[in-house]
Amino acid sequence: MSNDTFTFSTRLIHNENSVDRETGAVSVPINHTSTFHQFDFDSFGKYDYARSGNPTRDALEETIAHLEGGVRGFAFASGMAAISTAFLLLSKEDHVVICEDVYGGTFRLVTQVLHRFGIDHSFVDTTDLQKLKESIQPNTKMIYVETPSNPLLKVTDLKEVCRIAKENNCLTFVDNTFLTPSLQRPLELGADIVLHSATKFLSGHSDVVAGLAVVKDKELGEKLYFLQNTFGSVLGVQDCWLVMRGLKTLDVRLKQSQASAQRISEYLTTIHEVKHVYYPGLSDHEGASIHEQQSEGPGAVLSFRLEDADTVKQFVSNLQIPVFAVSLGAVESILSYPAKMSHAAMPQEEREARGIHDGLLRLSVGLENVDDLIKDFETAFEAIRKNKVEIN
Ligand SMILES: *Cc1c(COP(=O)(O)O)cnc(C)c1O
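The sequence shown finishes on residue 519 if you use the numbering used here, and the numbering steps up by one all the way, no holes.
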């Protein structure tokens, strides 16, 4: 039951894997098997060994490929496994250009691992297309972007980046974790590979670690499949099932959280203790108009800056609702402290040069009642104000 005339939210529920062809089961069967019996001595079946392929994993891989508008999908043991495996498409002496506020784990991969294998990199503010063009070298093979980026929600013009990449015979990789295909489909804008931490919005319940990749081109798909099978960091079948379960509600979850994120970011701009709010849904956010052109919404993640680390500590200690944790994209609101969490792997100097201030907090808005969330924030700000008066 696959039909591109249906809208995205319908295709999340009704797709080629929504009904098991043999039994009619409306939930994909979990095939707990590591190997497959070959019925015919001379002609082996589609499956032989589960690292190379498993029907449950296939279902997830087909589903994400379809949702992203690609030809082939791949499921990995984590977002970092997906990203690392995609980077293995490069070879010694290749060079990559990477957006400067890239996810901390990707930063670590590039600077501390790939570097040892002779793969060189330049970090660039990819929102500045002139700088991007200048950073391309004769051996540049790939441009890697996250938009909106983490944690400052900077917006990169995907169409333009893909165009520049093509002009220079480079591939474009886009980490689409923050928006998911529900809000942004980079392959349609010219990207070659879309990467995901499915740990976040795609699964959506903070109960699984998973990664996905989707390619637009069959040949590139063959190469990535070879690497997935060789490197072997595939996603287990239980976790494939959890991601598929989460996907069914992706659109409603993300849109509800997005509406709350818009309300909360507008509320935060009125608060004296908040020095700046970073959210593509605010009209004065840098890149808001590009974001509007290339996506269907600002998403459910925002960041805001308080005075300093001490104010952050007081604020966090006085909150009741959001969990204070690494990660994002879940039913519960998650408040993260980038300086000590996602970007702890980045040296302080690099971090501050990228604008990741000690007063910066990132909020991934969940499905709680938005008035309750705002009330909770208000109580925490009141506590900061009261404490300030007492000190003075
Ligand atoms: C979490 C995250 C990753 C890494 O994914 P894991 O599933 O934790 O390995 C990569 N990119 C972004 C933008 C992320 O938020």
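Note that beta-carbon positions come from the ideal geometry of N, C-alpha and C, so glycine has one too.
All figures in this text were calculated on a predicted structure; none of them were measured in a lab.
Bounding residues of the alpha helix (DSSP H) (the contiguous stretch that carries Arg481): Taken as a continuous stretch (DSSP letters only), Arg481 belongs to no alpha helix (DSSP H), as it is neither H nor E.
Simplified DSSP state of Gly231, which is helix, strand or coil: helix
For Glu495, the nearest candidate out of Gln385, Arg184, Glu188, Gly486 (CA to CA): Gln385
Cβ-based burial, Ile305 [other Cβ within 10 Å; buried from 16]: A quick correction: the sequence has Phe, not Ile, at residue 305. Under this definition Phe305 is a buried residue.
Any non-hydrogen atom of ligand 1 closer than 7 Å to Lys327 Cβ: yes
Distance, Leu381 Cα to Ser309 Cα: 8 Å
Per-residue burial, Arg243 [other beta carbons within 10 Å of its own, 16 or more giving buried]: exposed
Enclosing beta strand (DSSP E) for Lys268 [first to last residue]: 267-273
Assigned secondary structure, Ser129 (DSSP; H/G/I helix, E/B strand, else coil): Note that Ser129 has pLDDT 45, beneath the 50 cutoff, so the model's placement of it is unreliable and the number below is only indicative. Correct three-state label for Ser129: coil.
Proximity of Ala292 and Leu298 at Cβ, strictly below 8 Å: yes
Distance between Gly206 and Val341 (C-alpha atoms, nearest Å): 12 Å
Endpoints, the beta strand (DSSP E) within which Arg489 is located: 487-491
Proximal residues to Cys75 (C-beta, below 7 Å), its chain only, five neighbours per side dropped: A question about residue 75 goes unanswered here, because the residues of the chain that appear run from 128 up to 519.
Thr134 versus Leu259, Cys367, Gly196, Ile501, residue with shortest Cα-Cα distance: Gly196
Closer than 8 Å to chain B by CB, Lys382: No chain B is part of this structure, which consists of one protein chain only.
Every unbroken alpha helix (DSSP H) within the region 179-264, with a cutoff of 4 residues, ordered by chain: 182-195, 206-214, 231-235, 256-262
Reference Leu409, options Ala472, Val497, Asp334, Leu280, closest by Cα: Leu280
Nearest-angstrom beta carbon gap, Lys268 and His222 [assumed within contact, 8 Å]: 7 Å
Endpoints, alpha helix (DSSP H) assigned at Phe166: Per DSSP, Phe166 belongs to no alpha helix (DSSP H) and is neither H nor E.
Own chain residues within Cβ distance below 8 Å of Thr238, not counting five before or after: His248
Tyr176, buried or exposed, once every other Cβ within 10 Å from all chains shown has been counted against 16: exposed
Nearest-angstrom Cα separation, counted from Asn181 out to Gly373: 20 Å
Sub-8 Å separation of Ser491 and Asn277 beta-carbons: no
Buried/exposed call for Phe201, threshold 16 Cβ in 10 Å: buried
Glu294 versus Lys467: straight-line alpha-carbon distance, rounded: 39 Å
Contact test: Phe214 Cβ vs ligand 1 heavy atom, cutoff 7 Å: no
Contact under 8 Å by Cβ, Leu139 with Lys375: yes
Reference Asp435; option with closest CA among Val453, Tyr464, Glu423, Gln420: Tyr464
Whole alpha helix (DSSP H) elements within the region 385-449, 4-residue minimum: 415-421, 436-444
For Ser211, the nearest candidate out of Val450, Gly424, Val321 (CA to CA): Val321
Rounded distance between the beta-carbons of Val224 and Ile270, thought under 8 Å: 5 Å
Thr283 versus Ile518 - alpha carbon distance: 43 Å
Backbone CA spacing between Val361 and Thr506 [nearest angstrom]: 45 Å
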